[in-house]
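Residue numbering for the sequence shown follows our numbering, beginning at 46 and increasing consecutively.
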Amino acid sequence: MRYLIMHVMGGSLLLVGIVAQIHATGSIDFVAMKPDSLATWMILLGFLINAAAPLLSAWLPDAYPEASPGGMVFLSAFTTKTAVYVLIRGFPGAEVLIFVGLYMVFYGIFYALLENDMRRILAYSIVNQVGFMVTGIGIGTEMALNGTASHAFAHIIYKALLLMSAGSVLHMTGKRKCSDLGGLFQSMPITTLCGIIGAMSISSFPLTSGFVSKSMISQAAADENLMIIWFLLTAASAGVFLHAGIKFPWFVFFQKDSGLRPPDPPLNMRLAMIFFAALCIGLGVFPGPLYALLPFPVAFVPYTAAHVLTMLQLLLFSGLAFFIFLPVMKRTLTVSLDVDWAYRRLLPHSVRYLVAKFATVDRELRSTFIGVINKVINGAFQYVGPKGVLARTLPAGAMMFWAVALLAGFLVVYLI
């Protein structure tokens, strides 16, 4: 229901923006726009709700993990990626998207690090990765848009692989909380290996698809001398490795031995994971076919010594930080409050409290107001009712007298 409500609202905003834009321009062409009018802002907000942008991001981690083990794989491929596509087409270079994207990047990292549910970890990771794409759209250069498009394509594949591995664990164990899992690598080796490949890909590890796609967005920020943005994206890459690259596989497949010994999932699920794992590595080793699909000519060379060494240093030191702070990383049965708590819990409770608190005052004010209205109506009825002064029948002579008297009075006032 929350998924439905949010998308009805987003679709309504989009429809209002479209109608206003057609009225303003007389055209139905969908071209690059700037958020400089009510119409374009409405269109942008409609797209951003679909992209799980703030302050309504919580619908995604609340809705996606409640799907079936395979259903979440399909959900992850459509809504947010469609939003990324239309943002590329409709709002390239809109600077506000840089700030929206950076918020999404760190929002996803923060909540994923706090989360105990393995599928909610990956759901928050979707918001995080879409944040990289929205930031690239805000930068708006050819390099940034190429990076956004390629990263959206690669994200569909490696996120599907991660969700397949999580769905396989859920399917075989019936458990989804990290605190209930661990030691599964002993009986689920294929699922473990595929999950690790997906985790490496989302972390932009060399020879994986994430390495050849997401790096273009950071390079675009560097090319435009947006050094603060480049630094934040680099720091966020370390955060991605913490929550999705290490936390997910470590707590699900390794850490303590939970005593669970489920086998790998059925053949069809194993083949799907192996196929997507091969795609992650294939695109990372041979990025040419992916680059050929991008909207602009690609002048980016991912495998340079500086780039490879930078990413390896970043990832290895992030891994070191994870294991140093491992006692802090262990999750318990807690609930992380999000912004949606304000309008789902705080607002209804506040309204009920105020109603109960001021019910007596409200009744007194209503009765007083209604009493005043009744007095006004009764007073007016005395003059305009059937027997009122203004409703009586007067002879023509009296009417002429009052007409002449009013005219005389008007003449006197006019002469004075």
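A virtual CB, placed ideally from N, CA and C, is assigned to each residue, including glycine.
(1) Since Ala3 contacts Ala77 with CB under 8 Å, what's their CB separation in whole angstroms?
(2) Spatial neighbours of Pro7 within its chain, please: C-beta separation below 8 Å, excluding the five flanking residues on both sides.
(3) Could you have a look at Leu222 and say whether DSSP puts it in helix, strand or coil?
(4) Is it the case that the Cβ atoms of Gly284 and Ile154 are separated by a distance below 7 Å?
(5) With a Cβ-Cβ cutoff of 7 Å, do Thr180 and Gly146 count as a contact?
(6) Who are the Cβ neighbours of Asp225 in its own chain at under 7 Å, not counting the five residues just before and after it?
(7) Excluding the 5 residues preceding and the 5 following His288 in the sequence, name in chain order all residues of the same chain whose CB lies nearer than 7 Å to its CB.
(8) Quick check on the DSSP output: the alpha helix (DSSP H) that includes Asp81 runs from which residue to which?
(9) Taking the Cβ atom as the reference point for each residue, do Met261 and Asn191 lie within a distance shorter than 7 Å?
(10) Output yes if chain C places a C-beta closer than 7 Å to the C-beta of Ala350; else output no.
(11) Which residue marks the beginning of the alpha helix (DSSP H) containing Lys126, and which one marks its end?
(12) Taking the alpha-carbon positions, what's the Arg463 to Leu391 distance?
(13) Identify which residue in Ile319, Leu305, Val297 has its Cα closest to the Cα of Gly161.
(14) Classify Tyr398 as buried or exposed, calling it buried when 16 or more other Cβ atoms lie within 10 Å of its own Cβ.
(15) Quick check: the Cα distance between Gly71 and Asn95, rounded to an integer number of angstroms?
(16) Evaluate Ile461 with the Cβ neighbour count: other Cβ atoms within 10 Å of its Cβ, from every protein chain shown; 16 or more gives buried, anything less gives exposed.
(17) Assess, as a yes-or-no matter, whether the region 212-225 is touched by the region 330-345 under the definition of 3 or more beta carbon pairs within less than 8 Å.
(18) Pick from Pro308, Gly327, Ile88: whose alpha carbon is nearest that of Thr253?
(19) What residue does the alpha helix (DSSP H) around His52 start on, and which one ends it?
(20) Looking at the strands, I want to know which residues DSSP matches up with Asp162.
(21) How many whole angstroms separate the CB atoms of Ile235 and Arg306, which I take to be in contact at a CB cut-off of 8 Å?
(22) Measure from the alpha carbon of Leu361 to the alpha carbon of each residue in Ile291, His68, Val384, Phe331, then state which is nearest.
(23) Assuming the contact rule is C-beta atoms closer than 8 Å, Phe286 and Ser248 should be a hit. Round their C-beta distance to whole Å, please.
(24) Under 7 Å Cβ to Cβ from Pro332, same chain only, skipping five residues before and after it: list those, please.
(25) Are the region 401-419 and the region 128-141 touching by the rule of at least three beta carbon pairs closer than 8 Å?
(26) Relative to the C-alpha of Phe293, which residue among Met217, Gly212, Lys259, Thr279 is closest?
(27) Does the distance from the C-beta atom of Leu105 to that of Ala97 stay below 7 Å?
(28) Starting from Gly255 and walking both ways along the alpha helix (DSSP H), at which residues does that stretch end?
(29) Do Met117 and Leu208 have their C-beta atoms within less than 7 Å of each other?
(30) Where do the N-terminal and C-terminal ends of the alpha helix (DSSP H) with Asn313 fall, by residue?
(31) Under three-state DSSP, which class holds Thr237?
(32) Rounded to whole angstroms, how far is the Cβ of Leu229 from the Cβ of Ala322, which I believe are closer than 8 Å?
(33) Distance, Cα to Cα, Gln300 vs Lys375?
Taking the structure as given:
(1) Only positions 46 to 461 of the chain appear in this structure, which leaves residue 3 out of reach.
(2) Outside the displayed span of the chain (46 to 461) sits residue 7, for which this structure offers no information.
(3) One-based indexing of the sequence shown puts residue 222 at position 177. For clarity, residue 222 is Lys in the given sequence; the question names Leu instead. In the structure shown, the three-state DSSP call for Lys222 is strand.
(4) Within the sequence shown, numbered from 1, the residue matching residue 284 stands at position 239. Within the sequence shown, numbered from 1, the residue matching residue 154 stands at position 109. Cβ atoms of Gly284 and Ile154: closer than 7 Å.
(5) One-based indexing of the sequence shown puts residue 180 at position 135. One-based indexing of the sequence shown puts residue 146 at position 101. Cβ atoms of Thr180 and Gly146: closer than 7 Å.
(6) Translated into positions along the sequence shown, residue 225 becomes position 180. Excluding residues within five positions, the ones whose Cβ falls inside 7 Å are Ser303.
(7) Residue mapping note: residue 288 aligns to position 243 of the sequence shown, counting from 1. Non-local beta-carbon contacts of His288 in its own chain, meaning distances under 7 Å to residues more than five positions away in sequence, involve Ile154, Ala157, Leu158, Ile166, Ser170 in chain order.
(8) As a first step, residue 81 is located in the sequence shown; it is residue number 36 there, counting from the start. Annotation for Asp81: no alpha helix (DSSP H) segment contains it, and DSSP assigns it neither H nor E.
(9) As a working mapping, residue 261 is identified with position 216 in the sequence shown. As a working mapping, residue 191 is identified with position 146 in the sequence shown. Remark: C-beta atoms of Met261 and Asn191 approach each other more closely than 7 Å.
(10) Going by chain labels, chain C is absent from the structure shown, which holds only one protein chain.
(11) For the purposes of this step, residue 126 is identified with residue 81 of the sequence shown, where counting begins at 1. Lys126 -> alpha helix (DSSP H) spans 116-135.
(12) In this structure the chain extends from 46 to 461, so residue 463 is not present and cannot be described.
(13) To locate residue 161, count along the sequence shown from 1; it is residue 116. Just to set this straight, residue 161 is Asn in the shown sequence, not Gly. Among Ile319, Leu305, Val297, the Cα nearest to that of Asn161 is on Val297.
(14) As a working note, residue 398 is residue 353 in the sequence shown. Around the C-beta of Tyr398, fewer than 16 other C-beta atoms lie within 10 Å, and the residue is accordingly described as exposed.
(15) Taking the sequence shown and counting its residues from 1, one reaches residue 71 at position 26. Taking the sequence shown and counting its residues from 1, one reaches residue 95 at position 50. Cα to Cα, Gly71 sits roughly 26 Å from Asn95.
(16) Along the sequence shown, read from residue 1 onward, the residue named residue 461 stands at position 416. Exposed: under 16 other Cβ atoms inside 10 Å.
(17) Taking a cut-off of 8 Å on C-beta distances, the region 330-345 does not touch the region 212-225, as fewer than three cross pairs fall below it.
(18) Here residue 253 corresponds to residue number 208 of the sequence shown, with the count starting at 1. Among Pro308, Gly327, Ile88, the Cα nearest to that of Thr253 belongs to Gly327.
(19) On the sequence shown, residue 52 is found 7 positions in, with the first residue counted as 1. Per DSSP, His52 belongs to the alpha helix (DSSP H) from 47-70.
(20) Position 117 of the sequence shown, counted from the first residue, corresponds to residue 162. Asp162 pairs with Lys222.
(21) On the sequence shown, residue 235 is found 190 positions in, with the first residue counted as 1. On the sequence shown, residue 306 is found 261 positions in, with the first residue counted as 1. Arg306 and Ile235 do not touch by the CB rule: their CB atoms are close to 15 Å apart, not below 8 Å.
(22) Here residue 361 is taken as the residue at index 316 of the sequence shown, counted from 1. Answer by Cα proximity: Ile291.
(23) To locate residue 286, count along the sequence shown from 1; it is residue 241. To locate residue 248, count along the sequence shown from 1; it is residue 203. 4 Å between Cβ atoms; contact.
(24) Residue mapping note: residue 332 aligns to position 287 of the sequence shown, counting from 1. Excluding sequence positions up to five before and after Pro332, its CB lies within less than 7 Å of the CB of Val257, Pro347, all in the same chain and listed in chain order.
(25) Segments in contact, no.
(26) Residue 293 sits at position 248 when you count from the first residue of the sequence shown. If we check each option's Cα against that of Phe293, Gly212 comes out closest.
(27) Here residue 105 refers to the residue found at position 60 when the sequence shown is read from its first residue. Here residue 97 refers to the residue found at position 52 when the sequence shown is read from its first residue. In contact: Leu105 and Ala97 (Cβ atoms closer than 7 Å).
(28) The residue labelled residue 255 in the question sits at position 210 within the sequence shown. 254-258 is the extent of the alpha helix (DSSP H) around Gly255.
(29) Walking along the sequence shown from the start, residue 117 turns up at place 72. Walking along the sequence shown from the start, residue 208 turns up at place 163. Cβ distance < 7 Å, so Met117 and Leu208 count as in contact.
(30) Taking the sequence shown and counting its residues from 1, the one referred to as residue 313 is at position 268. Going by DSSP, Asn313 is part of the alpha helix (DSSP H) stretching over 312-330.
(31) In the sequence shown, the residue the question calls residue 237 occupies position 192. Here Thr237 sits in helix by DSSP.
(32) As a first step, residue 229 must be located in the sequence shown, where it is residue number 184. As a first step, residue 322 must be located in the sequence shown, where it is residue number 277. About 17 Å separates the beta carbon of Leu229 from that of Ala322, a gap too long to meet the 8 Å contact definition.
(33) Numbered from its first residue, the sequence shown carries residue 300 at position 255. Numbered from its first residue, the sequence shown carries residue 375 at position 330. Approximately 10 Å between the Cα atoms of the pair.
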